[in-house]
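Inspection log for the structure reproduced underneath, given as structure tokens.
2 protein chains.
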Amino acid sequence: MSQATSQRLTIRQIAELAGVSIATVSRVLNDRGDVSDETRELVSRVIHENGYTANRSARGLSAGRTGLVGILVPLVYPAYFSAILAGAAEALSERDLQIVLSPTGHEHDREVSVLDRLRGLTDGALIILPEESSEELERLLDRGYRFVVLDPLMPLDERIPSVSAAHTSGADQAMRHLLELGHRRIAQITGPRGWLATEDRRRGYRAALAAAGILPDPALEVEAVPEVDPGRAAAEYLLDLPEPPTAIFAFNDNIAIGAIQAARARGLRVPDDLSVVGFDDVEHATIVTPALTTVRQPLAEMGRTAVSLLSRLLERHRFETLHVELATRLVVRDSTAPPRSA
Amino acid sequence: MSQATSQRLTIRQIAELAGVSIATVSRVLNDRGDVSDETRELVSRVIHENGYTANRSARGLSAGRTGLVGILVPLVYPAYFSAILAGAAEALSERDLQIVLSPTGHEHDREVSVLDRLRGLTDGALIILPEESSEELERLLDRGYRFVVLDPLMPLDERIPSVSAAHTSGADQAMRHLLELGHRRIAQITGPRGWLATEDRRRGYRAALAAAGILPDPALEVEAVPEVDPGRAAAEYLLDLPEPPTAIFAFNDNIAIGAIQAARARGLRVPDDLSVVGFDDVEHATIVTPALTTVRQPLAEMGRTAVSLLSRLLERHRFETLHVELATRLVVRDSTAPPRSA
DNA sequence: AGCGTGACCGAAAACGTTTCCGGAACATAA
DNA sequence: TTATGTTCCGGAAACGTTTTCGGTCACGCT
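If you're matching them up, the sequences are chains A and B in order.
Anchor point for the first sequence: position 276 equals 269 in the working numbering, and the numbering is continuous, going up by one each time.
Anchor point for the second sequence: position 201 equals 194 in the working numbering, and the numbering is continuous, going up by one each time.
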């Protein structure tokens, strides 16, 4: 191995070593027909012996596809996103597509510029919780870029492919559970106002109350950033109310965990003195004490579904359903019980 | 906007629209000198008006760099990995590098083939917990690929750049803490045998015992896959011992959480009846009850450090330190206390 | 012998950039 | 005046593939 310069090998050098043309090497590389078994064998050996791999930029340029798919995600760390990511990654790898991961930090402008970059680099993208308006996304579509939105923050135009979870039904299940346990004074800690998920779940919450003949009390609906600390603060506010709730329906598991912490800090016991229901069912929900009753979103499944939608788009199948809503399901654990007074 | 075919624009069309050569457009795109303000202004406007972005494959081919960095990670979901990923992502985005994310599922062969792919696509890579032998990695190095290993599983050749955490010192801090609290019978749930981290921490564990004049009891060292359930099983075994430990030093937070669950299931109280120390300090550690005393690994910082090492390699700076070990630090929370008998 | 048919393979164009090189226009210095 | 820069710009090569198109050859048939 007199590998003087450790330059990358090119297809031309492999062709030379094997005594064939570059076209033939390319055919072997891509498993095309029109090569005799003998030649194929020979070329494969040379390729292997020299550890050659094709330059993907050249391939992308020549073939017009890069085999790359962008994933735009606000943050990498939170379990919510990494669960979706994990599902998407699995499905993409099955399709031999590579992931270009782009965190956007919830920043609109950064997201726009990342998308611009991605347009020249990837075949398509998954956009999780996009900060962009429907109009902006439509423009992207008109420019010929193919993408799928995961869990849209706001209502999007019909033409924009999207995957989301059944928020209203999930909220309804959670509320029905609490109502069946006998709760009457049920608070809701919502997500940020205006988010689709927030409003859909609010609808479910109110509808369930109405169905049970309970007049919704505006004081029992409070908004929080979907993280633990804001959740704790919101719960503290609710527990300080003159007439505090006996149950809290939280926008996500983080908020629910904050609520449990708030209760504990006040010497209240969950679920005896306060029932708490979360949303998402990330791993945290099983770690916390008491284990959280929560509405499960099939996050990995959402990722996989988005990929299958996208890959159909990439193959130019136009006629498919552009919108998928996956079912949510209540998982009952230990954070809910009948109210004390019942 | 009579955008009949929504084909992507090329630099040639932009040049035509602006009435200049493609060389000039390229210069504007890349902020090179040698363009009059006037022309630059004009070209920028045309670019913007038409929403043009360069084809990265072509750029990569021509310029010899793709601006892509691979990240090989066993799994995406676990907090340990996403924390590192988050740090690396931040640092890469500051350097205008894009991430190609490749989960390998802890599978050696998959990792090898992913690396092969990445060699033709990216400028370099971060390899987290590589499954590969030092020899395999050296071969990669010899082929001219640039990469940094994060948290090596086994000892690597000097030439291979790596970033890791101070395992031995971390273990020592944890043990010292338990010893100072008065524990004498301290068990260890280790990670998989042979892992560098496992052996280093084992060394710290034994050294601390020795320094305290305690003879290590082989029965108190048990191995577990670093997840919650195996952790619980291992703890159950320890608690069933004729003479059970009063404290457990776990290989990571997941195992520690499993240990807490095992104790609770037996009616033991943590930390009163059993002290537990974890390792990593992922978010779980603050969610669990009682909050976990644990050795903090600066995961995001490790990601950032690896990126800064890699980017120096990419710029062909050869002389830098190739090995970085970041300090670990004990974070005392609520899962440790003096033993009952003390 | 002549012809058609597959099977196999090579030449060369094309993909969209970057960058080297040199030329035009103009200013400045001797 | 000529020589010498400077500044700005365009032509064209180069990057490493894929893919089209056509050519060669062996073979079997008429």
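The beta carbon of each residue, even a glycine, is placed where N, CA and C say it ideally should be.
One alpha carbon belongs to MET295 of chain A, the other to GLY296 of chain B, and they sit about 28 Å apart. Using a Cβ-Cβ cut-off of 8 Å, LEU267 of chain A does not count as an interface residue toward chain B, since no Cβ of chain B sits closer than that to its own. For VAL105 of chain A, the uninterrupted alpha helix (DSSP H) run begins and ends at 101 to 112, by DSSP. The closest CA to that of ARG305 of chain B, considering only B:GLY117, B:ALA158, B:GLN91 and B:ILE179, is found on B:GLY117. THR183 of chain B: member of the beta strand (DSSP E) spanning 179 to 183, first to last residue. Nearest in C-alpha terms to THR115 of chain A, of all of A:LEU149, A:GLY57, A:ARG152 and A:PRO154, is A:GLY57. Under the 8 Å criterion on CB atoms, VAL270 of chain A is classed as non-interfacial with respect to chain B. Chain A places no beta carbon closer than 8 Å to that of SER304 of chain B, leaving this residue out of the contacts.
Rounded to whole angstroms, ALA76 of chain B and ASP102 of chain B show a C-alpha spacing of 25 Å. Against GLY113 of chain A, the close residues of chain B are THR46, ALA47, ASN48 and ARG49, in the order they occur along the chain (beta-carbon pairs closer than 7 Å).
In the assembly as shown, GLU124 of chain B is a buried residue. Its beta-carbon has 16 or more other beta-carbons within 10 Å. In the three-state reduction of the DSSP assignment, PRO223 of chain A falls in the helix class. Between the stretch 239 to 250 of chain A and the stretch 179 to 189 of chain A, the count of C-beta pairs closer than 8 Å reaches three or more; the two stretches touch. Under the Cβ criterion (8 Å, minimum of three pairs), the stretch 216 to 228 of chain B counts as touching the stretch 247 to 260 of chain B. Only those residues of the stretch 130 to 162 of chain A whose C-beta falls short of 7 Å from the nearest C-beta of chain B are listed: ASP135, ARG136 and GLY137.
Residues of chain A with a Cβ closer than 7 Å to the Cβ of TYR70 of chain B are, in chain order, SER75, ALA76 and ALA79. Here DSSP, grouped into helix, strand and coil, assigns ALA243 of chain B to strand. In the DSSP annotation of this structure, the continuous segment of the alpha helix (DSSP H) that includes HIS41 of chain A starts and ends at 30 to 42.
In this structure GLN181 of chain B does not touch LEU323 of chain B by the C-beta definition: roughly 16 Å separates them, more than the 8 Å allowed.
LEU10 of chain B is a Cβ neighbour of VAL39 of chain B, given a cutoff of 8 Å. Here ALA164 of chain A is near GLY197 of chain A, since their CB atoms are less than 8 Å apart. Of the candidates B:THR298, B:ARG178 and B:ILE248, B:ILE248 places its Cα closest to the Cα of ALA278 of chain B. In summary, the residues of the stretch 229 to 253 of chain A whose CB is separated from some CB of chain B by less than 7 Å are ILE250, in the order they occur in the chain. Between the alpha carbons of SER95 of chain A and ARG112 of chain A lies a distance of about 13 Å. ASP274 of chain A is positioned such that its CB atom lies closer than 8 Å to that of ARG289 of chain A.
For LEU61 of chain B, the three-state secondary structure derived from DSSP is strand. A direct Cα-to-Cα measurement between LEU85 of chain A and VAL62 of chain A gives close to 8 Å. Unbroken beta strand (DSSP E) stretches of 3 residues or longer found wholly inside the stretch 148 to 174 of chain B: 155 to 158, given in chain order. At a cut-off of 8 Å between C-beta atoms, GLY53 of chain B counts as an interface residue with respect to chain A. The shortest CA-to-CA distance from GLU151 of chain A to any of A:VAL141, A:ALA158 and A:VAL93 is the one to A:VAL141. Per DSSP, reduced to three states, the secondary structure at GLN6 of chain A is helical.
At a beta-carbon threshold of 7 Å, none of the residues of chain B lie near THR298 of chain A; the nearest stands roughly 17 Å away. ASN43 of chain B places its beta carbon less than 8 Å from that of ILE7 of chain B. Just so you know, the alpha carbons of ARG178 of chain B and THR321 of chain B end up roughly 24 Å apart.
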